[in-house]
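Everything below concerns the one structure shown next.
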Amino acid sequence: MGVKRMNCNPNEYVSQETKCCARCPAGQYVGRECDSTRGTECLDCEAEVFTDKQNGLSQCLLCAKCDNKNQTVVKECKAHENRQCGCNTGFYCHDASCEQCVQITSCPPGQGVRVQATVTNDTICGPCDSGMFSNVSDRTSPCKAHTSCEEQGRPLEMPGTDIADAICGPFKSGCSWELPAGLWSGLALNTLLLFLGLIFWRTRRRSRKAVFSSVPADPGVSGGGRPGVHLPPHAPSPHMDIHCQESCDCPSHITVDFKCCSPDRVVENGLHITQPEWTSFPNPFNHEDQHGNGRPDQLLGASLGLHSEPQEDEWCGM
C-alpha cells in the first residue's frame, strides 16, 4: 500500500501519525503532537536556542556564535531571533550569515576608491584618470585632481602624475600698481613740476588781476569826497592824426581815447603837441554817484560835460 498523502493548510504540519497538527509560533517548539483528542502542545525555547517562524520542530535551533576572529555581536540571541554577527572595523562579511570576516581591500597609490566597502562587499578600486592622482593607500580615498598652479597665480615647476600632485612655484605678483623705481621717480618729478607751475600761474594771475582792478584816488577830491575815475596821462602818438579846430569858438573835443584837446594847444600833424589837459570825472558806473537819477551813460556825459564830435555840418564857420 502506498503512503497516504495529507493535504494540510499552511498553519498545520503533518505529524508522525500522519495527521494535520497545528504549528507552534516563533519562539516555541512542539512539545507533544496532536492526536484525536487534543491539539499540538508547544513549549518556549530556552537560552541560546530559538525559532524565528511558525514551525513543527520538536526542538529549538541553536543560536549562532560570534567568536570567530574579527567578529562582533550585532544582535543578541532571543527565543524568536537568532544572534546576529558582524565584523570589526576594516573587515566585511564573506556571506550573509557572516560566519567569516575578511579584511577590506585598501587601494594602492595611483588608484582610487571607486566604490567603498559595505557589510558584505569589498572595496572596488580603479586607476586614476589623467589629471588625477592618489598618493595614499587606504580604503576610503578617491583620486584627487592635480593642483592648478595657474588658478593660484603660481608657475608650474613640476607636472603631476597618478601618484603625485603638481608642484607649483612661489606666488606671482598680481598687483598692477607695482612699478619700477625709475617710473615712480619720474612720476613724482612730473607731479612736483606740475604743482610748481600751477603755483606760478596762480601767482602771476593774481598779480595781473590786482593791477587791473586797482583804482587810484582822485587827487582833486579833498576831505571826505568820493573818489572818481582818474584817467592816467597818455600823450598822443605821433602817428595819430589829432584834429582840433584852431580858429573857431567850438568847445574842446574828446578823442576816442578820452583825450581832451583845445584848438589853441594842439597843432595838426605832430609839429607842436602840448600835453593835453586831463579831466577827472566820477566813476559813471558807481550807483552812489547817480543820486537816483539817470542812466550810467547819461551820468558819464553829465560828469564830463562833453558831447560827441560835431558832424561835418556843425563845424564852425561852415
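In this note's numbering, the protein residues as written are 1 to 318.
For every residue, glycine included, the Cβ atom is placed at its ideal position computed from N, Cα and C.
Quick caveat: nothing in here was measured; it's all calculated off a predicted structure.
Residue from the options whose Cα sits closest to the Cα of residue i
| i | options | result |
| --- | --- | --- |
| Gln152 | Cys101, Pro170, Ala210 and Glu99 | Pro170 |
| Lys69 | Ile104, Asn88 and Asn55 | Asn88 |
| Gln100 | Glu81, Asp67, Glu41 and Pro108 | Asp67 |
| Cys98 | Asp129, Thr118 and Phe195 | Thr118 |
| Asp35 | Asp44, Ala47, Cys45 and Thr18 | Thr18 |
| Asp162 | Pro109, Cys45, Thr105 and His80 | Pro109 |
| Gln116 | Glu157, Gly90, Ser130 and Cys128 | Gly90 |
| Leu57 | Cys77, Thr203, Val73 and Ala22 | Ala22 |
| Ser130 | Ile124, Ala145 and Thr120 | Ala145 |
| His80 | Leu193, Asp44, Gln16 and Ile124 | Asp44 |
Within 8 Å, strictly: CB atoms of residue i and residue j
| i | j | result |
| --- | --- | --- |
| Ser134 | Gly112 | yes |
| Asp165 | Thr147 | yes |
| Cys8 | Cys20 | yes |
| Tyr29 | Gln59 | yes |
| Cys107 | Arg83 | no |
Coarse secondary structure for residue i, derived from DSSP in three states
| i | result |
| --- | --- |
| Arg202 | helix |
| Ala210 | helix |
| His272 | Reliability of the predicted coordinates at His272 is poor, the pLDDT of 45 falling under 50, and no value is obtained from them. |
| Ala22 | strand |
| Asn55 | strand |
| Gly110 | coil |
| Ala188 | helix |
| Gly169 | coil |
| Gly182 | helix |
| Gly126 | strand |
| Gly90 | coil |
| Gly197 | helix |
| Glu150 | coil |
Cα-Cα separation between residue i and residue j, rounded to whole angstroms
| i | j | result |
| --- | --- | --- |
| Lys75 | Ser141 | 31 Å |
| Gly160 | Cys168 | 10 Å |
| Ile187 | Cys143 | Note that residue 187 corresponds to Leu in the displayed sequence, not to Ile. So the two alpha carbons sit approximately 53 Å from each other. |
| Asn11 | Ala26 | 12 Å |
| Gly126 | Gln103 | 18 Å |
| Gly86 | Cys63 | 14 Å |
| Arg32 | Cys42 | 7 Å |
| Arg205 | Leu196 | 14 Å |
| Ile199 | Ser185 | 21 Å |
| Ile46 | Met132 | It should be pointed out that residue 46 corresponds to Glu in this sequence rather than to Ile. In a straight line, the C-alpha of Glu46 is about 59 Å away from that of Met132. |
| Thr40 | Thr105 | 52 Å |
| Asn190 | Ser207 | 26 Å |
| Gln71 | Thr37 | 49 Å |
| Lys172 | Cys149 | 10 Å |
* Pairing CB atoms from the stretch 89-107 with CB atoms from the stretch 50-63, are three or more of them under 8 Å? -> no
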